[in-house]
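Chemist:
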Amino acid sequence: MRILTNTTKIGKLLSNYAEVEVLKVRTLRDLISKVYINGYDLIYFAKYTPPLLDLGSINRFRTKGKLMIGMHVPVKIDHINRPHHIVYNLLMPMQTTYYLRMLGAYLHVLNKDDEEYLRNRVHSRLNSRVIYAPLFTDTSIFKPGNKYGTFTLLYSARASWQKGTDIAVKIIERLIMKLKDNIEIKIVAYGPLTHLYNKLKKFRNIEILNYLPLDEFSSVLSKSHVLLFTSRYESFAQLPLDSLASGTPVVSFNVRGFVKDYVIKDEVLGKYIVDFDDVDNIIDRVIELAKYWYNNENHYYELVKYSRQFAERFSIENISKIYLDIFTNIINNAT
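Numbering (the working numbering), first residue to last: 66 to 400.
Structure follows, in structure tokens:
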């Protein structure tokens, strides 16, 4: 099996089963114009950019039956989470229609909300071309580490409105007021709204870190006691999965993707998922974990163990089997 893609994630997943060539390009047109595509069994284009149509001449018959578009951005965003959503929610569905109908492509979505929305939107004969499959975590990189000392909360996200950084700052301020010296905060700071962290610099138990290489970040994550996740919207929400693989419980809003599709449905971990913008509840959940750490360490470590076991369901080994089946079926059905 030969696969052409623009994302290293596919290479990681299928390196043991297929020959995967990765070209770092931003548009579908660039991907298929740089190579002789008939030399590949499948082309997987991961879309990371905002909803701009892939304009230009793309020959449908060159791609029909062997093209999959990975929607690594949301297909549609709820009004409550993005008030100025009209342009996005107009162009992105148009683009998915273009992929499905004009290019005969398969669409890979990363959350079940997008899957349901697209299947309801397109003709029933195209439903089989809308495919849901989750992403994976690398359990050899993200794994539990030694947790010790003061209860530590980690906030790591691109500082932006989408990631709810404004809400996170309010939560962190209130947690420090409530827990005082019984909490330390680590913030991995990058993105357009890092100035929001200026109001936190007055607190001595906050450490603001620069963007970290993967090995350093995985170490910080594994040593933290809780991850705070405040996104307004996601396509998959990779960080909570990596955090659980690191044995670090996640306190999060019920954001679309991994959190909504899996975590909130779990009887143990779902307790730490709250409705969007319920700041009081999210603070209570963090405080509860802090009390376990200080007063019931055995229970806390049971939660660490459980988090790791939950995340192992999404290891490369397990998820690669899902993708291999999907890709094999597409190739076998190619016309």
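We put the CB at the ideal spot given by N, CA and C, even for glycine.
Classify residue 364: buried if its beta carbon has 16 or more other beta carbons within 10 angstroms, exposed otherwise.
Modeler: Here residue 364 corresponds to residue number 299 of the sequence shown, with the count starting at 1. Residue 364 should be labelled exposed.
Chemist: Report yes or no: do three or more beta-carbon pairs, one from the segment 70-80 and one from the segment 388-398, lie closer than 8 Å?
Modeler: Taking 8 Å as the limit for Cβ pairs, the verdict is that the segment 388-398 does touch the segment 70-80.
Chemist: Is it true that the CB of residue 151 sits closer than 8 Å to the CB of residue 105?
Modeler: Along the sequence shown, read from residue 1 onward, the residue named residue 105 stands at position 40. Along the sequence shown, read from residue 1 onward, the residue named residue 151 stands at position 86. No.
Chemist: Tell me the rounded alpha-carbon separation between residue 239 and residue 348.
Modeler: In the sequence shown, counting from the first residue as 1, residue 239 sits at position 174. In the sequence shown, counting from the first residue as 1, residue 348 sits at position 283. Between residue 239 and residue 348, the C-alpha separation is close to 8 Å.
Chemist: Can you name the residues that DSSP bridges to residue 217?
Modeler: Here residue 217 corresponds to residue number 152 of the sequence shown, with the count starting at 1. The partner list for residue 217 (beta bridge, DSSP) reads 249.
Chemist: Can you list, in chain order, the residues of its chain with a C-beta nearer than 7 Å to that of residue 322? Leave out the 5 residues immediately preceding and following it.
Modeler: If you number the sequence shown from 1, residue 322 lands on position 257. Closer than 7 Å at Cβ, skipping near neighbours: 175, 176, 299, 300, 301, 302.
Chemist: Would you report the Cα separation of residue 83 and residue 137, rounded to the nearest angstrom?
Modeler: The residue you call residue 83 lines up with position 18 of the sequence shown. The residue you call residue 137 lines up with position 72 of the sequence shown. Computed Cα separation, rounded: 22 Å.
Chemist: Roughly how many angstroms lie between the CA atoms of residue 194 and residue 171, to the nearest whole one?
Modeler: Within the sequence shown, residue 194 is the residue found at index 129, counting from 1. Within the sequence shown, residue 171 is the residue found at index 106, counting from 1. Computed Cα separation, rounded: 5 Å.
Chemist: Can you give me the C-alpha to C-alpha distance between residue 313 and residue 215, rounded to a whole angstrom?
Modeler: On the sequence shown, residue 313 is found 248 positions in, with the first residue counted as 1. On the sequence shown, residue 215 is found 150 positions in, with the first residue counted as 1. The straight-line gap from Cα to Cα measures roughly 15 Å.
Chemist: Do the segment 216-228 and the segment 252-272 touch if we need at least three Cβ pairs shorter than 8 Å?
Modeler: Verdict: yes, contact present.
Chemist: Smallest Cα separation from residue 185: which of 213, 73, 206, 141?
Modeler: Indexing the sequence shown from 1 puts residue 185 at position 120. It is 141 whose Cα lies nearest to the Cα of residue 185.
Chemist: Quick one: give me the first and last residue of the beta strand (DSSP E) that residue 317 is part of.
Modeler: Taking the sequence shown and counting its residues from 1, one reaches residue 317 at position 252. Looking at the DSSP string, the run of the beta strand (DSSP E) that includes residue 317 is 315-318.
Chemist: Enumerate in chain order the residues of its own chain whose CB-to-CB distance from residue 229 is below 6 Å, with the five nearest sequence positions on each side excluded.
Modeler: Reading the sequence shown from its first residue, position 164 is the one you call residue 229. Within the same chain, residue 229 has close Cβ partners 295, 296, 297.
Chemist: Would DSSP call residue 224 helix, strand or coil?
Modeler: Here residue 224 refers to the residue found at position 159 of the sequence shown. The answer is coil: DSSP assigns residue 224 none of H, G, I, E or B.
Chemist: How long is the line joining the alpha carbons of residue 107 and residue 89, rounded to whole angstroms?
Modeler: What you label residue 107 is simply residue 42 of the sequence shown in a count that begins at 1. What you label residue 89 is simply residue 24 of the sequence shown in a count that begins at 1. Their backbone Cα atoms lie some 17 Å apart in a straight line.
Chemist: Helix or strand or just coil, what does DSSP make of residue 258?
Modeler: Counting from 1 along the sequence shown, the entry for residue 258 is found at position 193. Reduced to three states, the DSSP call for residue 258 is coil.
Chemist: Using the beta-carbon count (16 or more within 10 Å), is residue 133 buried or exposed?
Modeler: Against the sequence shown, residue 133 aligns to sequence position 68. Counting Cβ neighbours within 10 Å, residue 133 comes out buried, since at least 16 surround it.
Chemist: Going by the beta-carbon positions, is the gap between residue 329 and residue 293 smaller than 8 Å?
Modeler: As a working note, residue 329 is residue 264 in the sequence shown. As a working note, residue 293 is residue 228 in the sequence shown. No. Outside cutoff.
Chemist: In terms of residues, what are the limits of the alpha helix (DSSP H) holding residue 132?
Modeler: By 1-based counting over the sequence shown, the position of residue 132 is 67. First-last for residue 132: 132-136, but that is the beta strand (DSSP E), not the alpha helix (DSSP H).
Chemist: Does the beta-carbon of residue 337 have 16 or more other beta-carbons within 10 angstroms, so that it is buried, or is it exposed?
Modeler: For the purposes of this step, residue 337 is identified with residue 272 of the sequence shown, where counting begins at 1. Per the 10 Å Cβ criterion, buried.
Chemist: Could you tell me the distance, in whole angstroms, from the CA atom of residue 188 to the CA atom of residue 398?
Modeler: Mapped onto the sequence shown, residue 188 falls at position 123. Mapped onto the sequence shown, residue 398 falls at position 333. Each residue's alpha carbon lies about 19 Å from the other.
Chemist: When we look at the beta-carbon of residue 135 and count the other beta-carbons within 10 Å, is it buried (16 or more) or exposed?
Modeler: Residue mapping note: residue 135 aligns to position 70 of the sequence shown, counting from 1. By the 10 Å Cβ count, residue 135 comes out buried.
Chemist: Quick check: the Cα distance between residue 421 and residue 163, rounded to an integer number of angstroms?
Modeler: The displayed coordinates of the chain run from 66 to 400. Any statement about residue 421 would go beyond what the structure contains.
Chemist: Determine the closest residue to residue 333 out of 367, 169, 227, 340, with distance taken between C-alpha atoms.
Modeler: By 1-based counting over the sequence shown, the position of residue 333 is 268. When only C-alpha atoms are compared, the closest one is 367.
Chemist: Going by DSSP in three states, residue 173 sits in which element: helix, strand or coil?
Modeler: Counted from its first residue, the sequence shown places residue 173 at position 108. Three-state result, residue 173: strand.
Chemist: On the three-state DSSP scale, how would you describe residue 72?
Modeler: To locate residue 72, count along the sequence shown from 1; it is residue 7. Reduced to three states, the DSSP call for residue 72 is coil.
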